Amino acid sequence: MTGKNNANEVNWDDYLKAYYEKPSSFKSWSGYDIKEIYTPEDSPDEKYEEKIADAGKYPFTRGIHANMFRGRLWTKREVVGIGSPADTHDRLQYLVEQGGSGLNTIADVTYEMGLDADHPWAVNEVGLTGVNITNIKDMQTLTRDIPLDKVSWSLITASTAASVTMAQYIAVAEDAGYEPAALRGSVQNDPIHFRYCGFRPASPLDLSIKLGSDVMEYCTRNLPKWYFTTVNMYDLREQGITAPQEVAFGFGIAMCYIDELIRRGLNIDEFAPRFTFYVSCHMDIFEEVAKIRAARRMWAKLMKEKYGAKDPRSMHFRFAVHTAGCSLIPQQPLNNIIRVAYEGLTAVLGGVQSLHCCSYDEPMCLPSEKAHLQALRTQQVLAYETGVTNVADPLGGSYYVESLTDKMEEEILKVMKRVEDVGGMEEAIRTEWLDHELESEAVERQKELDDGSKLVVGLNIFKEEQEKETPLGAQRVSSQSAKQQIEEVKELKRTRDMSQVRDAIKRIRDEAGEGKNTIPPMMEATRAFATTGEMLGTVRQVFGYSYDPMNIIESPFD
Amino acid sequence: MKKNSNIDEMIQQLFAGNRRAASRLITRVENETEDHHEIMKKIYPHTGQAMIVGLTGSGGAGKSTLTDHLIQKFREQGKTVGVIVVDPSSPFSGGALLGDRIRLQRHFLDDGVYIRSLASRGYLGGLSRATYNVIRILEAMGMDIIIVETLGAGQDEIDIIHVANTCILVATPGMGDDIQAMKAGIMEIADIIALNKADLEGANRSLRQLQTALSVASLEEGQWAPRVIPTVSMGSRPEDLKGIDELTSAVLEHQEYLDTSRSIDQVKFERVEEELGLVFKDELQRLIFKGLRGTGKKRKYINSIIEGKNDPYSVVDEILNTYLIRKKKK
Amino acid sequence: MIKGKKKKIKALVTKVGLDGHDRGAKVVASMLKEAGMEVIYLGMFQMPENIVKAALDEDVDVIGLSYLSGEHLIFTPLIVEEMKKNGLDNVLLVAGGTFPAEDIPTMEEMGIDKVFRAGSLSESFVEYIRDNVKE
Chain G
1 MTGKNNANEV NWDDYLKAYY EKPSSFKSWS GYDIKEIYTP EDSPDEKYEE KIADAGKYPF
61 TRGIHANMFR GRLWTKREVV GIGSPADTHD RLQYLVEQGG SGLNTIADVT YEMGLDADHP
121 WAVNEVGLTG VNITNIKDMQ TLTRDIPLDK VSWSLITAST AASVTMAQYI AVAEDAGYEP
181 AALRGSVQND PIHFRYCGFR PASPLDLSIK LGSDVMEYCT RNLPKWYFTT VNMYDLREQG
241 ITAPQEVAFG FGIAMCYIDE LIRRGLNIDE FAPRFTFYVS CHMDIFEEVA KIRAARRMWA
301 KLMKEKYGAK DPRSMHFRFA VHTAGCSLIP QQPLNNIIRV AYEGLTAVLG GVQSLHCCSY
361 DEPMCLPSEK AHLQALRTQQ VLAYETGVTN VADPLGGSYY VESLTDKMEE EILKVMKRVE
421 DVGGMEEAIR TEWLDHELES EAVERQKELD DGSKLVVGLN IFKEEQEKET PLGAQRVSSQ
481 SAKQQIEEVK ELKRTRDMSQ VRDAIKRIRD EAGEGKNTIP PMMEATRAFA TTGEMLGTVR
541 QVFGYSYDPM NIIESPFD
Chain E
1001 MKKNSNIDEM IQQLFAGNRR AASRLITRVE NETEDHHEIM KKIYPHTGQA MIVGLTGSGG
1061 AGKSTLTDHL IQKFREQGKT VGVIVVDPSS PFSGGALLGD RIRLQRHFLD DGVYIRSLAS
1121 RGYLGGLSRA TYNVIRILEA MGMDIIIVET LGAGQDEIDI IHVANTCILV ATPGMGDDIQ
1181 AMKAGIMEIA DIIALNKADL EGANRSLRQL QTALSVASLE EGQWAPRVIP TVSMGSRPED
1241 LKGIDELTSA VLEHQEYLDT SRSIDQVKFE RVEEELGLVF KDELQRLIFK GLRGTGKKRK
1301 YINSIIEGKN DPYSVVDEIL NTYLIRKKKK
Chain U
2001 MIKGKKKKIK ALVTKVGLDG HDRGAKVVAS MLKEAGMEVI YLGMFQMPEN IVKAALDEDV
2061 DVIGLSYLSG EHLIFTPLIV EEMKKNGLDN VLLVAGGTFP AEDIPTMEEM GIDKVFRAGS
2121 LSESFVEYIR DNVKE
């Protein structure tokens, strides 16, 4: 399909074709056949109370709260991470001034890998895609002047470095006079999934479970208002898998952590109410809503039947949505605003608790201030103008959506069974079965675009000449910020009291070696100005791994 | 295209250990360019001295990680190592994904290690047609040890025995391959069997099965008894690795056995015999089709066979009589 | 099935630096293989030296760089420099991933022969490579 050939030559045959055009596919995005129309006969023995129920009632298909958005709007939480802690702090503040209701900061690749800003491999990439918090001063800069007992802060560190992030955050909060029990927010803390996002050196499986669970356990006992994990099925979906696979693999990973926490002696109802998920919303509106409803129903059953949860809050599938980055393309970038709007709508129709809408420049660079604002405004238009917040689960009762929800549940179960058949999630990860699934799906998605079985405006239809500029300007990360941060780190390492650092590191080593929770000694070490790489590296060594995930530097404490 | 003097220069550089020359020459030889005969003729006198170790075994058994460790051990002993990794070409597209290099990362910047990936290009037997020549080129480059990693190990993919002095079969517990391999006779071909992933369940049972199978194989006096070595080659931590030292020692011991028992002579003989056969076949085909090219005769022959007027054997007789002088049997 | 005496194109596909978004690189490697090319896939955490050393030893016709974390302007000159140092001027250099449109001319000036943005259809890069590898 092409547009006009020439301003003066409309192809009227093409016009006629367009006028009578039929869609080329009647499948959902994940590949399921969809009927022309759905009727009551598609759910002949629907048992409302048992299978669907009102919002706020088990199995929570329609939402985890009875009044959903009437009770509280979802949190408008745009992800922020750019350059230095100071840069990030400023952008964060800006979005709050513009109406953002949740704080959300993301680690850069160097921090996620557990590297200090002055690591030989980090120096080129500090701050390019997020923020690096090498030491307590960085965390202080990031949180400067922000009332930590009033805000809800989502810290996006997913890898084993999340343990360091928590230690740094809590230490800073305590030192500033806040009670840990008053802290509200979340830490992504899902090192297991992160191996599929390129962080395998930082997230070996056993260390992922150990440190991930340390954070979860510590927060369960000390930060009652904190969500200690956001099991990230979003990033898995970004690899190109289908909606049912997203949920099935996400659940599988969540259960790895749950099993560990139970092994440590925690009761399911002690921690499950603080479990959250990070979910994608892709372009197929109804499939995504059905996916979320199915996930809610299935999670509730899983918690109740498999784990014996009694507290209804343990059964809540509590989730944040990140609209699908992989659905956006660099061609004709303003179209991405539309895509994100639809995906945001989908998230809200699905009953999301916290939402990040991508900025339209996502496939090109970090969000520029204007693009970031646009994403926030997208959420605000949705919240205040469309009326979708008036009713809990507005799509509930639709013959299509109920049928599709059942279908999603069926398909999710199929994938979970396949994982069981290969020996369970840990086995699927260890044998690289999951790697193969992700890789083969990615190739399928590419072929679908190549052969036109999936259509994307600007990519394989309605293509235009490549634009030369990013609308509203491309975001740059100042190399000056990075240089400054690196200098500050070096300076810190020169001037701190090394004997204190050594003692603190030794304590981490000893306690990790005794199988104790690593958060308390990390907090102490952070206060003594031990750095991210030093703390994480020491724990790595206790578990037999190299101090440095990149195998370049040696521990200065050996 | 490069002229002769350039080739001579490249070859001289090859003898001096120049990587670029090696790399370029390997490409020419692999692509069977016009001058690849010339190249092989000039290189050949400088070959034959390297220790050649072959690794074969099904995908996923851990060949590449074992290769990685072997390279490390040999380097620690001050030996230079050439590595050839073969991966299958797609029968549909003719393309290939040569992904084994990833597992050999730590040696990338070591000047004493040269790694080359080859696609099988339709050649059956576990290697590529070019492998034989690439080994010679690496020998001429001065490599002390050459490791050849084949693709898979089915019943047919055992060409490795023709090129390697020491053949290592990499098996894993409970994959069923060990039983299959026994039937295929691979057991008799492998000098060493690395039972990799020996930390998995069923490892002890597989170990016993293998040892039993080997013990019933009939051996002559003084012949090398194939050895089974349990290994764990994949581990994020040094302490997870097992059996690497034992494997390396076994390889070196086998080399020593070959030298002292003069079995190496037999090995060399068979290797050259195989090479000769291949070159002979290639050359013959090339000459004949070169002779037929442009004459339209090939097409005529084929059509006459289809029409029932002729058969392949008679055609070949006629061609050989026409293009080659054939001495009558006495 | 396509048979032919055409020289096989050898391609090297790699990520650069710490960036771990490898979905695109893996897909490109697969699609190049399906187009009949022999692809050396280097994976993640490669520095310029490693990349060029591998390209040299494998005598590749084209190097494909995958950039998805803003590192494209930092590493490109380093890689081009390393290629020049090792006499790989004849090797085609292409890049794909996430970058602003404004940076494309810059990358080309730095030495990249062609830039492909995220989501490019396979035909575009396969044909480009086929048409432009040097003999």
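Residue numbers (my numbering), protein chains in the order written: chain G, 1 to 558; chain E, 1001 to 1330; chain U, 2001 to 2135.
A virtual CB, placed ideally from N, CA and C, is assigned to each residue, including glycine.
Values in this document were obtained by computation on a predicted structure and should not be read as measured data.
| task | Check each residue of the segment 1086-1120 of chain E: if its Cβ is closer than 9 Å to any Cβ of chain U, include it; give the result in chain order. | result | Asp1087, Ser1089, Ser1090, Pro1091, Phe1092, Ser1093, Gly1094, Gly1095, Ala1096, Leu1097, Leu1098, Gly1099, Arg1101, Ile1102, Gln1105, Phe1108, Leu1109, Tyr1114, Ile1115, Arg1116, Ser1117, Leu1118 and Ala1119
Q: For Gly334/G, count neighbouring C-beta atoms within 10 Å of its own C-beta (all shown protein chains included) and say buried if the count is 16 or more, exposed if not.
A: Taking the first sequence and counting its residues from 1, one reaches residue 334/G at position 334. In the sequence under discussion, the amino acid at residue 334/G is Leu, which differs from the Gly named in the question. Exposed, because fewer than 16 other Cβ atoms sit within 10 Å of the Cβ of Leu334/G.
Measuring alpha carbon to alpha carbon, tell me which of Thr1260/E, Asn1303/E, Arg1028/E and Val1053/E ends up nearest Glu1149/E.
What you label residue 1149/E is simply residue 149 of the second sequence in a count that begins at 1. Ranking Thr1260/E, Asn1303/E, Arg1028/E and Val1053/E by Cα distance to Glu1149/E puts Val1053/E first.
Do Ile1115/E and Leu2042/U count as a contact pair if the criterion is CB distance below 8 Å?
Along the third sequence, read from residue 1 onward, the residue named residue 2042/U stands at position 42. Along the second sequence, read from residue 1 onward, the residue named residue 1115/E stands at position 115. No, Cβ-Cβ distance for Leu2042/U and Ile1115/E is not below 8 Å.
Restricting to runs no shorter than 3 residues, where is the beta strand (DSSP E) found entirely within the segment 424-492 of chain G?
Counting only runs that start and end inside the segment 424-492 of chain G, there is no beta strand (DSSP E) element of at least 3 residues.
Subject >> Residues that Ser1233/E contacts on chain G, provided the C-beta gap is smaller than 7 Å >> reply: Against the second sequence, residue 1233/E aligns to sequence position 233. The CB of Ser1233/E never comes closer than 7 Å to any CB in chain G; the least such distance is about 15 Å.
With distance defined between alpha-carbon atoms, name the residue in Pro312/G, Asp311/G and Val381/G nearest to Val340/G. Counting from one through the first sequence, the residue named residue 340/G turns up at place 340. For Val340/G, the nearest C-alpha among the options comes from Val381/G.
ask   = Tell me which same chain residues have a C-beta within less than 7 Å of the C-beta of Glu217/G, skipping the five on either side of it?
value = Here residue 217/G refers to the residue found at position 217 when the first sequence is read from its first residue. Leu261, Arg264, Leu266 and Asn517.
For Gly513/G, which residues in the same chain have their Cβ closer than 8 Å to its Cβ, ignoring the five residues on either side in sequence?
What you label residue 513/G is simply residue 513 of the first sequence in a count that begins at 1. Cβ within range, chain order: Val542.
**Q.** For Pro23/G: DSSP bridge partner residues
**A.** Residue mapping note: residue 23/G aligns to position 23 of the first sequence, counting from 1. BP columns for Pro23/G are empty, so no partner.
Is the beta carbon of Leu92/G less than 8 Å from the beta carbon of Leu103/G? One-based indexing of the first sequence puts residue 92/G at position 92. One-based indexing of the first sequence puts residue 103/G at position 103. Result yes, Cβ atoms of Leu92/G and Leu103/G sit closer than 8 Å.
**Q.** Sequence-distant residues of its chain with Cβ nearer than 7 Å to Asp284/G (five each side left out)
**A.** Residue 284/G sits at position 284 when you count from the first residue of the first sequence. Here the set comprises Ser28 and Trp29.
Query - Simplified DSSP state of Ser546/G, which is helix, strand or coil - result: Mapped onto the first sequence, residue 546/G falls at position 546. If DSSP states are grouped into helix, strand and coil, Ser546/G belongs with coil.
- Report yes or no: is there a C-beta of chain U within less than 8 Å of the C-beta of Lys468/G? Locating residue 468/G in the first sequence gives position 468, where the first residue counts as 1. Taking Cβ atoms only, chain U reaches closer than 8 Å to Lys468/G, which makes this a yes.
**Message:** Give me the residue from Pro244/G, Ser398/G and Asn135/G with the minimum Cα distance to Ile486/G.
**Reply:** Residue mapping note: residue 486/G aligns to position 486 of the first sequence, counting from 1. It is Asn135/G whose Cα lies nearest to the Cα of Ile486/G.
Original post:
Among Asn232/G, Phe251/G and Glu270/G, which has the Cα closest to the Cα of Cys281/G?
Top reply: As a working mapping, residue 281/G is identified with position 281 in the first sequence. Comparing Cα positions, the closest option is Asn232/G.
- Task: Determine, using beta carbons only, whether Pro120/G comes closer than 8 Å to chain E.
- Result: As a position in the first sequence, residue 120/G is number 120, starting the count at 1. Closer than 8 Å: no.
* Identified DSSP bridge partners for Leu2093/U -> The residue labelled residue 2093/U in the question sits at position 93 within the third sequence. Leu2093/U pairs with Ile2063/U.
Would you give the residue range spanned by the beta strand (DSSP E) that Ser280/G belongs to? Numbered from its first residue, the first sequence carries residue 280/G at position 280. Ser280/G -> beta strand (DSSP E) spans Phe275 to Cys281.
Next item on the list: Rounded to whole angstroms, what's the CA-CA distance from Leu395/G to Gly63/G? Just pull it up for me.
Entry: For the purposes of this step, residue 395/G is taken as residue 395 along the first sequence, with counting starting at 1. For the purposes of this step, residue 63/G is taken as residue 63 along the first sequence, with counting starting at 1. Between Leu395/G and Gly63/G, the C-alpha separation is close to 11 Å.
For the segment 168-183 of chain G against the segment 132-151 of chain G, are there 3 or more C-beta pairs whose distance is under 8 Å? yes
Grab the span of the alpha helix (DSSP H) containing Ile2079/U for me, first residue to last.
-> Against the third sequence, residue 2079/U aligns to sequence position 79. Element bounds for Ile2079/U: His2072 to Lys2085.
Q: Would you verify that the beta carbon of Ala2025/U is, or is not, closer than 8 Å to some beta carbon of chain E?
A: On the third sequence, position 25 is the one that residue 2025/U refers to. For Ala2025/U, no CB of chain E lies under 8 Å from its own CB, so it is not counted at the interface with that chain.
* Would DSSP call Glu369/G helix, strand or coil? -> Within the first sequence, numbered from 1, the residue matching residue 369/G stands at position 369. It is helical.
Exercise. Between the segment 1236-1255 of chain E and chain G, which residues of the former have CB atoms less than 8 Å from a CB of the latter, in chain order?
Worked result: Ser1236, Arg1237, Pro1238, Glu1239 and Asp1240
#### Entry: Proximity to Arg144/G [Cα-Cα], best of Phe199/G, Asp190/G, Pro85/G and Leu95/G
Sequence index remark: in the first sequence, residue 144/G carries index 144 (1-based). Of the candidates Phe199/G, Asp190/G, Pro85/G and Leu95/G, the one whose C-alpha sits nearest the C-alpha of Arg144/G is Pro85/G.
**OP:** Could you pull out every residue in the same chain whose Cβ sits closer than 7 Å to the Cβ of Gly1059/E, ignoring the five residues on either side in sequence?
**Re:** Along the second sequence, read from residue 1 onward, the residue named residue 1059/E stands at position 59. So the list reads Gly1152, once near-sequence residues are dropped.
| request: Could you tell me whether the segment 2046-2065 of chain U touches the segment 94-113 of chain G, where touching means 3 or more Cβ pairs closer than 8 Å? | output: no
| query | Okay, do the segment 34-49 of chain G and the segment 352-372 of chain G touch, 3+ Cβ pairs below 8 Å being the bar? | reply | They do not touch, by the three-pair rule.
- Closest Cβ-Cβ distance between Gly544/G and chain E: below 8 Å? The residue given as residue 544/G occupies position 544 in the first sequence. Closer than 8 Å: yes.
* To do: Measure from the alpha carbon of Thr2098/U to the alpha carbon of each residue in Gly397/G, Ser159/G, Arg507/G and Gln475/G, then state which is nearest.
  => Here the question's residue 2098/U lines up with position 98 in the third sequence. Thr2098/U has its Cα closest to that of Gln475/G, out of Gly397/G, Ser159/G, Arg507/G and Gln475/G.
With a CB to CB cut of under 8 Å and the five nearest residues on each side skipped, what residues in its chain are close to Glu2049/U?
Taking the third sequence and counting its residues from 1, one reaches residue 2049/U at position 49. Cβ neighbours of Glu2049/U beyond the five flanking positions: Glu2082.
Item to check | Helix, strand or coil at Tyr227/G according to DSSP, with G and I counted as helix | outcome: Position 227 of the first sequence, counted from the start, is the residue given in the question as residue 227/G. If DSSP states are grouped into helix, strand and coil, Tyr227/G belongs with the strands.
Whose C-alpha, out of Ala392/G, Tyr342/G, Ala347/G and Ile133/G, is nearest the C-alpha of Phe60/G? Here residue 60/G is taken as the residue at index 60 of the first sequence, counted from 1. Answer by Cα proximity: Ala392/G.
### Task
Note down the Cα distance separating Glu524/G from Gly458/G, rounded to an integer number of angstroms.
Counted from its first residue, the first sequence places residue 524/G at position 524. Counted from its first residue, the first sequence places residue 458/G at position 458. Distance between Glu524/G and Gly458/G, taken at the CA atoms: about 53 Å.
State yes or no: is the beta carbon of Pro2077/U nearer than 8 Å to at least one beta carbon in chain G? For the purposes of this step, residue 2077/U is taken as the residue at position 77 of the third sequence. Not one chain G Cβ lies under 8 Å of Pro2077/U.
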